[in-house]
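Residue numbers (our numbering): 79 to 194. For reference, the structure is listed below as structure tokens.
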Amino acid sequence: MRESKTHIIYYHLLIFAVIAILIIAKFPCPFKAILNVPCPACGTLHALNSLINLRFYESLKYNPFSVPLVAAVWIGIHKNSIFKKSVFVDVIIIVISLVVIYYYIMKLSNRTIAAI
Ligand SMILES: [Zn+2]
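So, in structure tokens, the structure goes:
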């Protein structure tokens, strides 16, 4: 049991290290690089980097839903372990996903209208 907790800590440290490397290297979005269209999560790493440096307005400009998006992913990953498969957690994830998808569609439609 104790060894599995150690593995979990190492696993989380590895994930944080990968995220830090992606932020520092300013890794471009593969979705946008291939399709030339931003993905729903575009700007999230830049927004988190701005948040870490306490530049809140800049963070909102990169992606206003970066924090809810990261929270939804984190909650989704830990849903079965920490949150004991709660229905409330499912509702939170669905609501955040719908808001992000709605914002994404609005952003794409404005981009399309502006391009015409
Ligand atoms: Zn993207």
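Cβ coordinates follow ideal geometry from the N, Cα and C atoms, glycine included.
Separation of residue j from residue i, as counted between CA atoms
| i | j | result |
| --- | --- | --- |
| I172 | N141 | 19 Å |
| V148 | N114 | 23 Å |
| I194 | Y180 | Here I194 scores only 48 on pLDDT, less than 50, and its place in the model should not be relied on; the value that follows carries that caveat. Rounded to the nearest angstrom, the two C-alpha atoms are 21 Å apart. |
| V133 | F143 | Residue identity differs from the one stated: residue 133 is Arg in this sequence, not Val. Going by the C-alpha atoms only, they are around 15 Å apart. |
| L138 | H85 | 34 Å |
| E136 | S159 | 34 Å |
| I112 | P106 | 10 Å |
| S82 | L186 | 44 Å |
| K162 | L91 | 23 Å |
Beta-carbon spacing of residue i, residue j below 8 Å
| i | j | result |
| --- | --- | --- |
| L100 | L123 | yes |
| P118 | V169 | no |
| K157 | V145 | no |
| C120 | K104 | no |
| A150 | I183 | no |
Near ligand 1: residue i beta-carbon under 7 Å from a heavy atom
| i | result |
| --- | --- |
| F109 | yes |
| P116 | yes |
| A125 | no |
| A149 | no |
| A119 | yes |
Closest by C-alpha distance to residue i, when choosing among the options
| i | options | result |
| --- | --- | --- |
| Y89 | S175, Y182, I155, N188 | I155 |
| A98 | A125, I153, S187 | A125 |
| N127 | P108, S82, I102 | I102 |
| W152 | N131, S82, I93 | I93 |
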